[in-house]
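Trainee: Structure incoming, see below.
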Amino acid sequence: NAGVTQTPKFQVLKTGQSMTLQCAQDMNHNSMYWYRQDPGMGLRLIYYSASEGTTDKGEVPNGYNVSRLNKREFSLRLESAAPSQTSVYFCASSDPFRETYEQYFGPGTRLTVT
Amino acid sequence: LAKTTQPISMDSYEGQEVNITCSHNNIATNDYITWYQQFPSQGPRFIIQGYKTKVTNEVASLFIPADRKSSTLSLPRVSLSDTAVYYCLVGDALNAGNNRKLIWGLGTSLAVNP
């Protein structure tokens, strides 16, 4: 049981390049999340998916797109990377039918845009 | 929208009880209060969650007054391994999209000294 996995762990992009961050969970959770974490800013929600086929914008969605490919996978795409998107990105999942709305986090992807 | 405020840092010694308070004056009726722990280069990890009054589990207690405008995470008898950043999260994880935000505090860096 791997929990939440993210690839890649590290990535360096040039301004204007595109890339997709991959996330998968094996806990059969319905809800999945993408966050970014910046020094002094805490965690900010980028996008949220309540279930397969549905996605909603979070606090900072501009410059990102997401795809909930199936129940297991939730990808985050940067179409044209900007230096302001340099951050650590975390994927998380949760089961809304549990007693607590505990989110399980992946190990993160550290992205640098030059 | 709820805004969460917590101390930037705290110091303690092994064996002491540590209390970290989070202020969330605009908490909504459907919002839960959740605390997470984060070690360097890892994703946050769930500690405890509550709605009102007091919740206790094997690692911590969470105290929430009747007006729910603040909450206090209590860590009994901390050890060196409890040195980490602790985040307060306010929101309804069941409905994180559609402008029902998940609001994270900026984190409290706890240093436990020998």
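Chains H and F, in that order, give the protein sequences.
Okay, so the first sequence: first residue is 1 according to this note's numbering, each after it adds one.
Okay, so the second sequence: first residue is 1001 according to this note's numbering, each after it adds one.
Each residue gets a CB set at the ideal place from its N, CA and C atoms; glycine is no exception.
None of the values given here were measured: they were computed from a predicted structure.
Please classify H:Asp38: does DSSP put it in a helix, a strand, or coil?
Mentor: H:Asp38: strand per DSSP, three-state reduction.
Trainee: Ignoring anything shorter than 3 residues or poking outside the stretch 9-57 of chain H, list the beta strand (DSSP E) runs there in chain order.
Mentor: Runs found: 10-13, 19-25, 31-38 and 42-49.
Trainee: Got a sec, what are the start and stop residues for the beta strand (DSSP E) F:Ile1047 sits in?
Mentor: First-last of the beta strand (DSSP E) with F:Ile1047: Arg1045 to Gly1050.
Trainee: Are three or more beta carbon pairs between the stretch 64-79 of chain H and the stretch 49-56 of chain H nearer than 8 Å?
Mentor: Enough Cβ pairs lie closer than 8 Å, so yes.
Trainee: Give me the residue from H:Ala50, H:Phe10 and H:Asp95 with the minimum Cα distance to H:Val113.
Mentor: Answer by Cα proximity: H:Phe10.
Trainee: At a Cβ threshold of 8 Å, is F:Pro1040 touching chain H?
Mentor: Not an interface residue.
Trainee: Exposed or buried, which one is F:Lys1003 when buried takes at least 16 other CB atoms within 10 Å?
Mentor: By the neighbour-count rule (16 or more Cβ atoms within 10 Å), F:Lys1003 is not buried but exposed.
Trainee: Please confirm whether F:Leu1080 has its beta-carbon closer than 8 Å to some beta-carbon of chain H.
Mentor: So no, F:Leu1080 is outside the interface.
Trainee: Measuring alpha carbon to alpha carbon, tell me which residue in H:Leu69, H:Tyr104, H:Val60 and H:Val66 is nearest H:Gln85.
Mentor: Taking only the C-alpha atoms, the option nearest H:Gln85 is H:Val60.
Trainee: Distance cutoff 8 Å, beta carbons only. Does H:Leu45 sit that close to anything in chain F?
Mentor: For H:Leu45, the answer is yes, since a Cβ of chain F falls inside 8 Å of its Cβ.
Trainee: Determine, using beta carbons only, whether F:Ser1041 and F:Ser1109 come nearer to each other than 8 Å.
Mentor: No, the Cβ-Cβ distance between F:Ser1041 and F:Ser1109 is not below 8 Å.
Trainee: Buried or exposed, going by whether 16 or more other CB atoms sit within 10 Å of the CB of H:Ser18?
Mentor: So H:Ser18 counts as exposed.
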